[in-house]
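In what follows, a single structure is set out as structure tokens and then discussed.
There are 2 protein chains.
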Amino acid sequence: MNLIYEALAHPTRRQIIALLRRGDLPAGEIATLFDIAKPTLSGHLRVLREAGLVIGERHGTSIVYSLQLSLLEESMAALLDLFKIDSARSPEPDPN
Amino acid sequence: MNLIYEALAHPTRRQIIALLRRGDLPAGEIATLFDIAKPTLSGHLRVLREAGLVIGERHGTSIVYSLQLSLLEESMAALLDLFKIDSARSPEPDPN
DNA sequence: TCCTTTATTAGGCAACAACCGAATAATAGC
DNA sequence: GCTATTATTCGGTTGTTGCCTAATAAAGGA
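Which chain is which? The protein sequence lines are W and R, in order.
Adding 125 to a residue's 1-based position in the first sequence gives its number in this note's numbering.
Adding 125 to a residue's 1-based position in the second sequence gives its number in this note's numbering.
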């Protein structure tokens, strides 16, 4: 859970998520849309991958990234739990 | 918005939020519930304050902290927007 | 006023995160 | 096998975060 919060803490990574919502994209194409070096973006993608928020599948020489929607829903549920706007959850919440 | 995501990125700060959901608490009492030095906790409270997630009101020598529920709801809405689970929002989302 | 209590700020340090250019890996096509 | 393309990993720099102890501030009561 902590990995998800950390992944969301950087604006660029949230923008990548917003981008991928519209459809899958290869890493290079994502890179062209940001004003940062490719290795830097590759690092951001790794953080998102390790948090489980995206997956990358190789197609030929390119690696196409797509959202992992189930994880996004899980993180939503966690945040709902943290704020307790929704209810019917564990009585002793552990936010980690 | 970015401040909120950054504030939520640390486990201790999320635990503070979970704690305050049950009721307001003075800083010192929060500190006793964590195994960290008081100045460290004071720093976490500052981060939460600057993100607008909590407010601190002085009562005598102590400062009582409470959740800023409106901001919590706003951040929920932002996350819903980021993931687009809910709809009927801005057509060109900016996740910053 | 002085002392106690409660919290914060200041200063310093180690660990981490973000960034870049250069080098390396993986695949496809000739 | 060689070359081109696409991405990642490596190595290093810079700035930030998290933590601590010591010092300071703010309020209340003797």
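Glycine included, C-beta positions come from ideal geometry on N, C-alpha and C.
All values derive from a computational prediction rather than experimental measurement.
*Assuming F208/W and M126/R form a contact by the criterion Cβ under 8 Å, report the distance between their Cβ atoms to the nearest whole angstrom.*
Locating residue 208/W in the first sequence gives position 83, counting from the first residue. Locating residue 126/R in the second sequence gives position 1, counting from the first residue. Contact check for F208/W and M126/R: beta-carbon distance about 16 Å, past the 8 Å limit, so the pair fails to qualify.
*Considering only the beta carbon of each residue, do L192/W and G177/W sit closer than 7 Å?*
Against the first sequence, residue 192/W aligns to sequence position 67. Against the first sequence, residue 177/W aligns to sequence position 52. For L192/W and G177/W, no; Cβs fall outside 7 Å.
*With distances taken from CA atoms, which of V179/W, A203/W and T186/W is nearest R146/W?*
As a working mapping, residue 146/W is identified with position 21 in the first sequence. Selection V179/W, A203/W and T186/W evaluated against R146/W yields V179/W as nearest (Cα-Cα).
*A134/W at chain R interface by Cβ criterion, 7 Å*: Here residue 134/W refers to the residue found at position 9 of the first sequence. Output row for A134/W: interface = yes.
*Answer with buried or exposed for L170/R, where buried requires no fewer than 16 other C-beta atoms within 10 angstroms of its C-beta.*
The residue given as residue 170/R occupies position 45 in the second sequence. It counts as buried.
_List, in chain order, every chain R residue whose beta-carbon is nearer than 7 Å to that of L204/W._
To locate residue 204/W, count along the first sequence from 1; it is residue 79. Neighbours of L204/W on chain R, chain order: M201 and L204.
_Status (buried if at least 16 other CB within 10 Å, exposed otherwise) for I161/W_ = Residue 161/W sits at position 36 when you count from the first residue of the first sequence. Classification of I161/W: exposed, given that the 10 Å Cβ count is below 16.
_Given this structure, state the Cα-to-Cα distance separating E131/W from A143/W, to the nearest angstrom._
The sequence position of residue 131/W within the first sequence is 6, counting from 1. The sequence position of residue 143/W within the first sequence is 18, counting from 1. Distance between E131/W and A143/W, taken at the CA atoms: about 17 Å.
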